[in-house]
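Its first residue numbered 2, the sequence shown is counted upward by one per residue in my numbering.
Worksheet for the structure shown next.
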Amino acid sequence: MTRAYLLLDSHQIPNLYPRLYELAQLTTPHSLYLTTRYAELAHRGPVLAAVEPNSALARVFVEQWQEKAGIWLESDVDEATLVAHLRSLVHVALGSDVTAFFRFYDPRITRLWLADLPAGERDRLMGPVRLIRLPNDDGSTWLLRQENPDQPFNRYGHAPWLSLSPERLEHLCQGKRTQFAQRLIAHCQRYFPASLQGLAPAAREQWAQGCQHNAARQGYSAEDEVMSWVGLYACLGETFPDAPSHDVFRQLLAERDASPQQRLDNVLDELIRQLIIGEVAA
């Protein structure tokens, strides 16, 4: 019998275990980092939990988590076999002497990793996973089906069995950068359309790259931080925060007693204040 599961990122979902107990008390979560060399990071790693379609847990996943915090998958093997195979994917070999975490449970990476592979190779990597459901930008669901279910499953080892070539790694990285740039542009078009008005697609991509570099210069490179930075870059320009008129922002960014997040919140509050009184225009 085929069962549905959620493979969730506990780093992206605060208090994941209490949430799972609240939403599905009979579900037993399995941390993929347990019994591996990364066991001490289990509280921040991937967690597998069975899910019933149309349940409270399923609804929360679709409404809150499916965009970046986990994937929906289906399998007809016993749960222990499924856990073993997924656990074997938590790390990947990059070259002969480099091992890295592999966040294959990030739906954006899942799509980039599996979508354009030959069916035979994709089936082998999926192992006992028969189906993966991923969200499309238009709200529909993309179904990634295993064509040949007669596949062996793997087990975790301290040395990864999975490897990524330099070309494949660059494909994943470039694909994720492109996806994020598109989200950044869409966000700006929605809230600050004047900043992109009249720009050709290539120029919009350059604008998105400039925004990311501008934020990184101040220590903000996480996706949620850069998304917050868009308003500053859109309203105050590519010279932000170095122009003479940006003095108050420089002071806020330099506050030593504030955390990076608090400094970012403070400059955003100042931007809102200046927008309200008309010192800057959206």
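The C-beta atom is built at its ideal place from N, Cα and C for all residues, glycine as well.
TODO: Rounded to whole angstroms, what's the CA-CA distance from Val61 to His86? Just pull it up for me.
DONE: For the pair Val61 and His86, the Cα-to-Cα distance works out to about 26 Å.
Open item on the list: Please report the distance separating the alpha-carbon of Gln67 from that of Gln210.
Closed with: Inter-residue distance for Gln67 and Gln210 is about 26 Å (C-alpha atoms, whole angstroms).
Open item on the list: Using a Cβ-Cβ cutoff of less than 6 Å, which residues in the same chain neighbour Pro108 once the five nearest sequence positions on both sides are dropped?
Closed with: If we look at Pro108 and ignore the five residues flanking it on each side, its Cβ neighbours are Ile72 and Leu135.
Task: Distance between beta carbons of Ile133 and Thr100, contact taken as under 8 Å - done: Between Thr100 and Ile133 a beta carbon distance of about 25 Å is seen, past the 8 Å cut, so the two are scored as non-contacting.
Task: With 16 other Cβ atoms within 10 Å as the buried cut-off, status of Ala255 - done: By the Cβ-count criterion, Ala255 is exposed, with fewer than 16 other Cβ atoms from all chains shown falling within 10 Å of its own Cβ.
Open item on the list: Excluding the 5 residues flanking His31 on each side, which residues of the same chain have their C-beta closer than 6 Å to its C-beta?
Closed with: These residues qualify, in order along the chain: Leu49 and Val84.
- [ ] Would you mind working out which of Gln147, Val249 and Gln26 sits nearest Leu115, comparing C-alpha positions?
- [x] Ranking the options by Cα distance to Leu115, first place goes to Gln147.
- [ ] Taking Asp243 as the reference, give the member of Glu224, Ala216 and Arg257 with the closest Cα.
- [x] When Glu224, Ala216 and Arg257 are compared, the shortest CA-CA separation from Asp243 is found for Ala216.
Task: In chain order, each alpha helix (DSSP H) run of at least 4 residues that lies wholly inside the region 10-43 - done: The qualifying runs are 17-24.
Open item on the list: Excluding the 5 residues flanking Val249 on each side, which residues of the same chain have their C-beta closer than 7 Å to its C-beta?
Closed with: In chain order, Glu271 place their CB closer than 7 Å to the CB of Val249, counting only its own chain and leaving out the 5 sequence neighbours on each side.
- [ ] Please name the residue, chosen from Ala223, Leu118, Gln152 and Pro161, that lies closest to His172 on a Cα-to-Cα basis.
- [x] Comparing Cα positions, the closest option is Leu118.
Task: Within the region 58-118, ranges of the beta strand (DSSP E) (whole runs, at least 3 residues) - done: Contiguous beta strand (DSSP E) elements confined to the region 58-118 occur at 71-76, 92-94 and 100-102, taking only those with 3 or more residues.
Open item on the list: Using 8 Å as the threshold, is the C-beta distance between Tyr157 and Arg88 below it?
Closed with: Yes, the pair counts as a contact, with Cβ atoms nearer than the cut-off.
TODO: Would you mind stating whether Leu33 and Val91 have Cβ atoms separated by less than 8 Å?
DONE: Contact: yes.
Open item on the list: Rounded to the nearest angstrom, what separates Ser141 and Gln65 at their Cα positions?
Closed with: Between the C-alpha atoms of Ser141 and Gln65 there is a straight-line separation of about 15 Å.
Task: Collapsed DSSP secondary structure at Pro242 in the structure displayed - done: In this structure, Pro242 counts as coil in the three-state DSSP scheme.
Open item on the list: Restricting to Cα atoms, I'd like to know which of Asp266, Gly199, Gln213 and Arg20 is closest to Arg184.
Closed with: The shortest C-alpha separation from Arg184 is found at Gln213.
TODO: With DSSP as the reference, label Trp143 as helix, strand or coil.
DONE: Trp143 falls in the strand class under three-state DSSP.
Open item on the list: Assuming the contact rule is C-beta atoms closer than 8 Å, Arg191 and Leu197 should be a hit. Round their C-beta distance to whole Å, please.
Closed with: The Cβ separation is near 10 Å, so there is no contact.
- [ ] Report the three-state DSSP secondary structure of Gln156 (helix, strand or coil).
- [x] The residue asked about is misnamed: residue 156 is Arg in this sequence, not Gln. Taken through DSSP and simplified to helix, strand or coil, Arg156 comes out as coil.
Task: Distance CB(Leu35)-CB(Ala25) smaller than 8 Å - done: It is not a contact, given that the beta carbons lie outside the stated cut-off.
- [ ] Using three-state DSSP, classify Tyr6 as helix, strand or coil.
- [x] Strand.
Open item on the list: Please return the same chain residues whose Cβ sits closer than 7 Å to the Cβ of Leu144, not counting the five positions on each side in sequence.
Closed with: Closer than 7 Å at the Cβ level, and outside the excluded window around Leu144, lie Leu132 and Arg134.
Task: Under 8 Å between C-beta atoms of Leu113 and Leu170 - done: In this structure, Leu170 does not lie closer than 8 Å to Leu113 by Cβ.
TODO: Would you mind listing the alpha helix (DSSP H) stretches within the region 174-228 that are 4+ residues and don't spill past its ends, in chain order?
DONE: List check, alpha helix (DSSP H) in window: 202-218.
TODO: Output the distance between the C-alpha atoms of Ser76 and Ala259, rounded to the nearest integer angstrom.
DONE: C-alpha separation (whole angstroms): 47 Å.
Task: Range covered by the beta strand (DSSP E) that runs through Leu135 - done: First-last of the beta strand (DSSP E) with Leu135: Val130 to Pro136.
- [ ] Taking all protein chains shown into account, decide if Leu17 is buried (16 or more other Cβ within 10 angstroms of its Cβ) or exposed.
- [x] So Leu17 ends up on the buried side.
Task: C-alpha distance - His247 paired with Ala223, whole-angstrom precision - done: Computed Cα separation, rounded: 23 Å.
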